[in-house]
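Student: The structure is given below, and queries will be raised subsequently.
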Amino acid sequence: MKTIIIEDEKPSARRLNRMVSALGLEVKAMLHSVKEAILWFSENEEPDLIFLDIQLSDGLSFEIFEEIEVQSAIIFTTAYDEYALKAFKLN
């Protein structure tokens with residue numbers, strides 16, 4: 023299964039990468055911003071699964087979906103509970 027990780031805190035991204043890789047999933051990219059994610063999606067085939075932090079350095083990850091249509095399954099990762107309802111409505 024091909025995955026990507028979108029997380030702006032690099033230590034958290036590395037930790038998640040290790041956990042996901044240990045499960046046998048292939049991490050195709052680790053991205054750190056809304057802008058970087060939009061560019062990646064415009065140039066690459068969609069992964070099967072996305073691990074997605076909601077609060078990124080340059081905005082909310084929901085902005086990605088305003089620019090591109092994503093069909094991949096998404097697992098939202100965040101420390102902010104106020105975004106939970108919006109995340110469930112999106113995916």
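Using my numbering, you'd call the opening residue of the sequence shown number 23 and step up by one each time. From the three backbone atoms N, C-alpha and C, an ideal C-beta is built for every residue, glycine too. A quick note: this is a predicted structure, and the numbers were derived from the prediction, not measured.
For the beta strand (DSSP E) containing I97, list its first residue and its last residue.
Tutor: Boundaries of the beta strand (DSSP E) harbouring I97: A95 to T99, taken from the DSSP string.
Student: Within its chain, find whatever has a CB closer than 7 Å to the CB of S79; leave out the 5 residues flanking it on each side and keep chain order.
Tutor: D30, H54 and S55
Student: Determine whether the beta carbon atoms of I76 and S94 lie at a separation below 8 Å.
Tutor: no
Student: With I86 as the anchor, note down where its alpha helix (DSSP H) starts and where it stops.
Tutor: F84 to E89 is the span of the alpha helix (DSSP H), which, as asked, contains I86.
Student: Tell me which residue opens and which closes the beta strand (DSSP E) that E48 is part of.
Tutor: Following the DSSP letters along the chain, one finds E48 inside the beta strand (DSSP E) bounded by residues E48 to L53.
Student: Would S64 pass as a contact of I27 if the rule is Cβ separation under 8 Å?
Tutor: no
Student: Look at the alpha carbon of T25 and the alpha carbon of A44, and state the distance between them as a whole number of angstroms.
Tutor: 13 Å
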